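Have a look at the structure below, then the notes.
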Amino acid sequence: MKTKPAKTKNAPTPPPSAKKASKPAAPWLKWLSPLLCVVAVVAAAIALLTLEEEFLWKLQELNLHLHTPLFFKQQMVVAGGLLTWLGTWFTEFFYHPALGVAWMCLWWAVLMLLASRAFRVPLKWSAVLLVPVALVLITVVDMGYWVYYLKLRGHVFVAVMGLSAACALVWAFRSLPEGKWLRPLFVAVAVMVGYPLFGFYGLLATLLMGIMGIRLRSYASTIVAVVAIVAVPLLCYRFVFYQTSLGNTWWAALPLYYILEEHFAYYVPYIIMVVFFVVMAACYGMLPKGNVKKPVLWALAHVVLGVVLVLGVKQFWYRDYNFHKELRMQQCMERADWEGILSEARDLQDEPTRAIVLMKNLALFRLGRQGDEMYTYRTGAKACNTPIPVNMTQVVGCSIYFYYGLANYCYRWCLEDGVEYGWRAEYLKYMTRCALVNDEGRVARKYLDLLKQTRYHHEWAEQQEKFLNNRQALEADAGYSPVLHLMNFDDQLSSDQSVMEKFLMYHFVNHHSDDKLYQDQSLNAALWMKDIPMFWPFFNQYALNHTGENMPIHYQEAAYLYGHLEKNVDISSMPFSQQVKQSYDAFMKMAERCQGMTEEQMKDVFYPQFGKTYYFEYFLVRNQKLY
90 MKTKPAKTKN APTPPPSAKK ASKPAAPWLK WLSPLLCVVA VVAAAIALLT
140 LEEEFLWKLQ ELNLHLHTPL FFKQQMVVAG GLLTWLGTWF TEFFYHPALG
190 VAWMCLWWAV LMLLASRAFR VPLKWSAVLL VPVALVLITV VDMGYWVYYL
240 KLRGHVFVAV MGLSAACALV WAFRSLPEGK WLRPLFVAVA VMVGYPLFGF
290 YGLLATLLMG IMGIRLRSYA STIVAVVAIV AVPLLCYRFV FYQTSLGNTW
340 WAALPLYYIL EEHFAYYVPY IIMVVFFVVM AACYGMLPKG NVKKPVLWAL
390 AHVVLGVVLV LGVKQFWYRD YNFHKELRMQ QCMERADWEG ILSEARDLQD
440 EPTRAIVLMK NLALFRLGRQ GDEMYTYRTG AKACNTPIPV NMTQVVGCSI
490 YFYYGLANYC YRWCLEDGVE YGWRAEYLKY MTRCALVNDE GRVARKYLDL
540 LKQTRYHHEW AEQQEKFLNN RQALEADAGY SPVLHLMNFD DQLSSDQSVM
590 EKFLMYHFVN HHSDDKLYQD QSLNAALWMK DIPMFWPFFN QYALNHTGEN
640 MPIHYQEAAY LYGHLEKNVD ISSMPFSQQV KQSYDAFMKM AERCQGMTEE
690 QMKDVFYPQF GKTYYFEYFL VRNQKLY
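When we follow our numbering, the leftmost residue of the sequence shown carries the number 90, and every step to the right adds one.
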């Protein structure tokens with residue numbers, strides 16, 4: 090006989106939902122979000138070092154931080170001066186790109202930490218703080234040719250430091266104990282201190298504190314914030330800072346993307362930054378805390394966020410082949426690595442800008458191979474890939490003018506750009522070189538003393554000191570000697586009308602010099618001008634100066650071409666090489682077959698066979714006088 094167990098009267102019956110309840114997700118899942126932050130920062134650092142090494146080098150060349158009390162005082166005469174002083178200090182470290190990127194990554198980490206504290210972002214949602222980091226990164230990598238024109242000093246670090254300062258002020262405001270006047274008083278003090286030191290970012294912190302005041306039911310803080318945002322900048326403009334225009338008073342410490350007109354698209358990352366932090370302040374305390382309860386949705390949200398940020402940064406990342414090629418060639422020029430410039434010029438994958446062509450020709454001149462190799466490299470006149478009106482004098486003007494012996498024009502542009510865009514280490518270096526070749530020892534000493542106050546350029550300054558008041562050493566130096574040869578003319582400063590290449594070529598054909606090196610450059614300038622009557626005197630002079638030597642191939646090509654185009658000079662007795670004659674005949678036959686094509690179509694057809702001849706240059710390369 091089976092017996093049934095006795096039923097307990099008071100035993101609770103479990104609800105149906107309890108049987109279906111799932112176990113909470115593992116607590117360690119919340120650490121995946123900060124791990125994503127670490128991976129993202131490391132990936133950004135690797136991308137910067139891989140893709141932008143020469144750009145980072147250029148940033149510090151166009152930067153100047155003097156380790157003197159006077160330099161600090163000069164930065165503090167405008168709102169946000171502390172940020173520019175610190176920004177120039179950190180930018181110095183891009184002399185070693187890896188070190189500069191390490192500092193940048195550290196500041197990104199500081200920004201995320203302070204933002205998480207200020208807005209109480211739960212650990213499992215910390216990946217959302219990659220949004221401002223991505224925006225800060227975009228302000229760096231979308232710069233392109235703006236690197237030559239932005240007037241805000243230390244701008245690469247200013248945004249991340251300014252946002253960090255704003256988050257620190259908000260954190261301090263939020264951490265204050267509740268009281269009727271404590272928080273409003275803090276807002277007033279914070280804006281009066283924060284605006285002079287941090288400019289726009291001090292006002293942003295005030296705005297965020299005002300919004301958070303509503304969430305914390307400190308309405309007096311909100312009122313004080315609104316009044317302070319309007320009043321404090323006006324008072325500082327009236328009584329403290331005299332070097333800021335009224336229109337820029339509220340935007341101090343933000344870069345101005347303006348040359349001939351405003352380029353609004355470059356402000357978009359800054360606008361999104363403000364919107365992001367306003368939303369964070371408005372949603373303070375609303376992000377869910379605790380462990381991850383819906384791991385699938387949580388992971389999906391992180392994937393979407395990561396994809397959006399990666400695609401956004403990639404979309405705004407400025408990757409222009411010619412721009413980066415120019416930077417690498419400038420880097421070689423600063424090291425006097427002329428073979429390095431030619432190595433960069435050999436593997437061109439696109440039609441080059443005129444800046445690339447000029448640097449290549451300069452390297453050939455310094456190596457004594459211009460007449461034989463000038464057109465063996467790809468040539469062209471492609472416009473810069475940028476919406477701003479780029480002038481070549483801002484890109485390579487100072488260096489080209491100096492190395493071609495126009496020291497006064499180099500000095501003039503360094504001086505004018507220094508006044509317009511701020512003093513930079515690159516300008517001081519070329520002004521030093523100009524003073525040395527002009528035998529102005531006291532002027533050179535002034536710039537050397539300034540450079541000796543920098544972190545990484547003091548060694549260069551100490552090396553140049555050996556040339557002070559020592560003309561013999563200067564003339565014997567391999568770097569300065571060719572420049573001195575090209576300065577053997579009656580130098581008079583006039584205007585180049587900001588058309589550097591055209592002015593340089595006209596200079597060589599219109600100024601007389603007995604120096605053979607100068608006369609060789611006059612012949613190359615005549616080739617550039619494609620002026621047949623002007624070419625023959627310089628060609629004959631070159632033949633006299635180099636009697637018994639082989640005539641360079643490009644000079645032969647020009648003489649053979651001009652002799653056939655205009656019958657004013659008898660070329661029948663000139664010893665042209667068979668290569669020159671055969672390439673000319675083949676070029677003209679192909680020209681007959683290509684009648685009816687546009688010039689651009691003919692370029693593509695002719696380049697594989699004739700792209701390395703003067704014939705191609707003469708007929709199919711235009712717009713050398715672009716900028």
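The C-beta atom is built at its ideal place from N, Cα and C for all residues, glycine as well.
Only a predicted model underlies this, so the values are computations on that prediction, with no experimental measurement involved.
N599, buried or exposed, once every other Cβ within 10 Å from all chains shown has been counted against 16: exposed
Nearest-angstrom Cα separation, counted from V280 out to F246: In this model, F246 and V280 are separated by some 21 Å (Cα to Cα).
Residues near M422 by beta carbon distance below 7 Å, same chain, minus five either side: Only I430, M448, S488 meet the Cβ criterion.
CB contact flag (A168, P285, <7 Å): With contacts defined by Cβ atoms closer than 7 Å, A168 and P285 form a contacting pair.
Bounding residues of the alpha helix (DSSP H) (the contiguous stretch that carries P626): 621–634
Burial state of A132 (16 or more Cβ within 10 Å): exposed
CB of S587 within 7 Å of CB of T482, strictly: Cβ distance < 7 Å, so S587 and T482 count as in contact.
K518 - containing alpha helix (DSSP H), residue span: 514–526
Paired residues, beta bridge with E351 - DSSP: According to DSSP, E351 bridges with Y347.
Buried or exposed (CB count within 10 angstroms, at least 16 for buried), P273: buried
Meets three-Cβ-pair contact criterion under 8 Å: the segment 433–446 and the segment 615–632: no
Identity of the residue in W196, L138, Y493, S215 nearest W120 by Cα: S215
CB of L172 within 7 Å of CB of M250, strictly: A distance below 7 Å separates the beta carbons of L172 and M250.
Nearest neighbour of A261, chosen from Y237, V278, A207 [CA to CA]: A207
Segment contact flag, the segment 662–669 with the segment 640–649, C-beta cutoff 8 Å, min 3 pairs: yes
Cβ contact check for the segment 526–544 and the segment 627–643: 3 or more pairs under 8 Å: No, the segment 526–544 is not in contact with the segment 627–643.
Backbone CA spacing between D231 and L125 [nearest angstrom]: 24 Å
Rounded separation between A110 and A388 - CA only: Unreliable placement is indicated for A110, whose pLDDT of 47 sits below 50; the coordinate value is still reported in the next sentence. Spanning the two alpha carbons is a distance of roughly 21 Å.
Three-state secondary structure (DSSP) of F665: coil
P105, DSSP secondary structure in three states: Residue confidence is low: P105 scores 49 on pLDDT, short of 50, so the model does not pin down where it sits. Its coordinate-derived value is still stated next. Assigned with DSSP and collapsed to three states, P105 falls in helix.
K383: first and last residue of the uninterrupted alpha helix (DSSP H) it sits in: Element bounds for K383: n/a, residue is neither H nor E.
Residues near A95 in its chain [Cβ-Cβ closer than 8 Å; skip 5 each side]: Interpretation of A95 is limited by its pLDDT of 48, a score under 50 that renders its predicted location unreliable; the figure taken from the coordinates is listed afterwards. The beta carbon of A95 is closer than 8 Å to none in its chain, skipping five residues each way along the sequence.
Beta-carbon proximity of L376 to P211, cut-off 7 Å: One thing to note: L376 has its Cβ within 7 Å of the Cβ of P211.
Where S790 falls: helix, strand or coil (DSSP): Beyond the ends of the chain as shown, which are 90 and 716, falls residue 790; an answer cannot be given.
Under the three-state DSSP convention, the category Y359 falls into: helix
Rounded separation between W146 and D604 - CA only: 37 Å
Cutoff 7 Å; reference S570; Cβ partners in own chain excluding five residues on either side: Closer than 7 Å at the Cβ level, and outside the excluded window around S570, lie E564.
Buried or exposed by the 16-neighbour rule on C-beta atoms within 10 Å, applied to V222: buried
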